[in-house]
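Peer 1:
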Amino acid sequence: MNNRYSRQILFPEIKRDGQRKLLSSKILLVGCGALGAAHAETLARAGVRNIRIVDRDFVEFSNLQRQSLFSETDASMRLPKAIAAKNRLLEINSEIKVEAIVTDVNYSNIENLIKDCDLILDGTDNFQTRFLLNDACVKHSKTWIYGAAVSSYGVTMTIIPQKSPCLRCIFEEIPDAGSSPTCDTAGVIQPIISIVSAVQTTEAIKILIGKKESLHQSLMQIDVWQNDWRKIKLGAPNADCKTCGQRNFEFLEAENVEFSAVLCGRDAVQISPPAQTNLDLPALAQKLETLGAVKQNEYLLRLKYDEFELTVFRDARMIVRGTDDVSVARSIYARLIGN
Ligand SMILES: [Zn+2]
Numbered sequence: 491m492n493n494r495y496s497r498q499i500l501f502p503e504i505k506r507d508g509q510r511k512l513l514s515s516k517i518l519l520v521g522c523g524a525l526g527a528a529h530a531e532t533l534a535r536a537g538v539r540n541i542r543i544v545d546r547d548f549v550e551f552s553n554l555q556r557q558s559l560f561s562e563t564d565a566s567m568r569l570p571k572a573i574a575a576k577n578r579l580l581e582i583n584s585e586i587k588v589e590a591i592v593t594d595v596n597y598s599n600i601e602n603l604i605k606d607c608d609l610i611l612d613g614t615d616n617f618q619t620r621f622l623l624n625d626a627c628v629k630h631s632k633t634w635i636y637g638a639a640v641s642s643y644g645v646t647m648t649i650i651p652q653k654s655p656c657l658r659c660i661f662e663e664i665p666d667a668g669s670s671p672t673c674d675t676a677g678v679i680q681p682i683i684s685i686v687s688a689v690q691t692t693e694a695i696k697i698l699i700g701k702k703e704s705l706h707q708s709l710m711q712i713d714v715w716q717n718d719w720r721k722i723k724l725g726a727p728n729a730d731c732k733t734c735g736q737r738n739f740e741f742l743e744a745e746n747v748e749f750s751a752v753l754c755g756r757d758a759v760q761i762s763p764p765a766q767t768n769l770d771l772p773a774l775a776q777k778l779e780t781l782g783a784v785k786q787n788e789y790l791l792r793l794k795y796d797e798f799e800l801t802v803f804r805d806a807r808m809i810v811r812g813t814d815d816v817s818v819a820r821s822i823y824a825r826l827i828g829n
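Okay, here's the thing in structure tokens:
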């Protein structure tokens, strides 16, 4: 071991033995926006050996105010966040391994993504994905760390299946779409990202080195603007919980094999194909050139189409910006990509 980790080894709760454990750990980061980028940087610097990052988006200029791994160059190049994160992390620590996966996390891939990992961190921005993650982690007895931040407010909880309440013990159903604020509607300031991610990554280090007695064991809520920091003590898991009590993993079931469409942010819809696909992007770009100028990199292509701005990823997802009407987006997808 060189002296890269010397200050961390001096910390009496970690020492040489804890550092060795970090250097043999594997984690999954689900989502690499503001929280995910902070998880990635802290844990890469700490020496977590294997980091798998999965994210579906590309870097935009509006991300740079809080998504600390990314640069103006990443935004200009429209790099996928997972790829931009990997590039930056390997500059920070070339002794670790980073696996970047550019895709949408859903019922068809989540179990594969988590199964060889010691721990999963939540850096997503929606309840649909968190409920899916909760089902998969409870089913496979994987510890995961929930985290969310919007405006100046954040929340986090560490979930050890069967030992502590799961996400569904606390929130029985997904809140209705549009009922809770998002970063696109309420904004967000960077300091709350730092605080929530700091609590999450400290919990991650405790878990990876086997110091579970030091976990905060609460639903922690923080408002950095209101100077309010509270911990709601967690009891036992709820015996009636659909996920960890009844082991009914409904979010892992493929209830439809249709193209799925989700609103992502304001004025944008994402269309995903029903199965994993790999598009030939250069061929598609050539085809779409007849409609307007196509800009592309290795991972995605973009073009203006009528009043819409389209982004097509290699896994055949399309983000249609300029509408919040799912049927409009689906019809553009059918016209340009096909069924
Ligand atoms: Zn539960």
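For the sequence shown, our numbering begins at 491 and goes up steadily by one.
Think of the CB as a built atom: it goes at the ideal place given N, C-alpha and C, for glycine as much as any other residue.
Small disclaimer: the values here were computed from a predicted structure and weren't measured.
(1) Leaving out five residues before and five after lysine 505 in sequence, what residues of the same chain have Cβ atoms less than 8 Å from its Cβ?
(2) Kindly list the residues whose CB is nearer than 6 Å to the CB of methionine 647, restricted to its own chain and excluding five residues on each side of it in sequence; keep chain order.
(3) On the criterion of 16 or more Cβ atoms from any shown chain inside 10 Å, does valine 747 qualify as buried, or is it exposed?
(4) Give me the Cα-Cα distance between alanine 626 and leucine 559, rounded to the nearest whole angstrom.
(5) Would you please state the rounded distance, in angstroms, between the beta carbons of leucine 774 and leucine 790? I believe it to be under 8 Å.
(6) How should tryptophan 719 be labelled, buried or exposed, when 16 other C-beta atoms within 10 angstroms of its C-beta is the threshold for buried?
(7) Identify every residue that forms a DSSP beta bridge with glutamine 711.
(8) For arginine 737, is the beta carbon positioned less than 7 Å from some heavy atom of ligand 1?
(9) Note down the Cα distance separating lysine 576 from arginine 568, rounded to an integer number of angstroms.
(10) Kindly indicate if chain D contains any beta-carbon less than 8 Å away from that of tyrosine 636.
(11) By a C-beta neighbour count over all protein chains shown, 10 Å radius and 16 as the cutoff for buried, is lysine 723 buried or exposed?
(12) Would you report the Cα separation of isoleucine 649 and arginine 535, rounded to the nearest angstrom?
(13) Rounded to the nearest angstrom, what separates valine 520 and glycine 613 at their Cα positions?
(14) Determine the DSSP secondary structure at proline 727, reduced to helix, strand or coil.
(15) For methionine 846, which residues does DSSP report across the bridge?
(16) If we count Cβ pairs, one from each stretch, closer than 8 Å, do we get three or more for the region 698-714 versus the region 584-595?
(17) Smallest Cα separation from phenylalanine 617: which of Thr672, Ile682, Glu585?
(18) Distance, Cα to Cα, glutamate 503 vs isoleucine 664?
(19) May I ask you to report which of helix, strand or coil DSSP gives isoleucine 822?
(20) Three or more beta-carbon pairs under 8 Å between the region 780-788 and the region 583-591, yes or no?
(21) Taking 7 Å as the limit between beta carbons, can you name the residues of its chain near isoleucine 573, skipping five residues before and five after?
(22) Taking C-alpha atoms, which residue in Thr767, Pro763, Ala751, Pro772 lies nearest to valine 818?
(23) Look at the alpha carbon of tyrosine 495 and the alpha carbon of serine 654, and state the distance between them as a whole number of angstroms.
(24) Where do the N-terminal and C-terminal ends of the beta strand (DSSP E) with leucine 611 fall, by residue?
(25) Keeping to the same chain, check which residues put their C-beta closer than 8 Å to that of serine 704; ignore five residues upstream and five downstream.
(26) By Cβ distance, which residues of its chain are closer than 6 Å to phenylalanine 551, with the 5 residues on each side in sequence left out?
Peer 2: Looking at the coordinates:
(1) For lysine 505, where only same-chain residues beyond five positions count, the Cβ hits under 8 Å are Ile499.
(2) Sequence-distant Cβ neighbours of methionine 647 in its own chain, meaning closer than 6 Å and more than five residues away, are Tyr636, Leu709.
(3) In this prediction, valine 747 has a pLDDT of 45, which is less than 50 and means its spatial position is unreliable; what the coordinates show is noted afterwards. Valine 747 sits exposed, since fewer than 16 C-beta atoms from the chains shown fall within 10 Å of its C-beta.
(4) If you draw a straight line from the Cα of alanine 626 to the Cα of leucine 559, it comes to about 28 Å.
(5) Incorrect: roughly 11 Å between the Cβ atoms, too far for contact.
(6) By the Cβ-count criterion, tryptophan 719 is exposed, with fewer than 16 other Cβ atoms from all chains shown falling within 10 Å of its own Cβ.
(7) Answer by DSSP bridge pairing, in chain order: Val645, Arg720.
(8) Outside the cutoff, so no.
(9) The straight-line gap from Cα to Cα measures roughly 15 Å.
(10) This model lacks chain D altogether; it includes just one protein chain.
(11) That one is exposed.
(12) Linking isoleucine 649 to arginine 535 through their CA atoms gives a straight-line distance of about 24 Å.
(13) Each residue's Cα considered, the two are about 5 Å apart.
(14) The answer is coil: DSSP assigns proline 727 none of H, G, I, E or B.
(15) The first residue shown for the chain is 491 and the last is 829, placing residue 846 beyond what the model contains.
(16) Between the region 698-714 and the region 584-595, the count of Cβ pairs shorter than 8 Å is below three; the stretches do not touch.
(17) It is Thr672.
(18) In this model, glutamate 503 and isoleucine 664 are separated by some 38 Å (Cα to Cα).
(19) Helix.
(20) The region 780-788 makes no contact with the region 583-591; the number of CB pairs closer than 8 Å stays below 3.
(21) If you ignore the 5 residues before and after isoleucine 573, its C-beta comes within less than 7 Å of the C-beta of Ala590, Val592, Tyr789, all in its own chain and listed in chain order.
(22) Nearest Cα to valine 818 within the set Thr767, Pro763, Ala751, Pro772: Ala751.
(23) Approximately 32 Å between the Cα atoms of the pair.
(24) DSSP places leucine 611 inside the beta strand (DSSP E), whose first and last residues are 609-612.
(25) Beyond the five residues adjoining it in sequence on each side, serine 704 comes within less than 8 Å, by CB distance, of Glu503, Lys696 in the same chain, given in chain order.
(26) Listed in chain order, the non-local C-beta contacts of phenylalanine 551 below 6 Å within the same chain comprise Ala565, local neighbours out to five positions each way being set aside.
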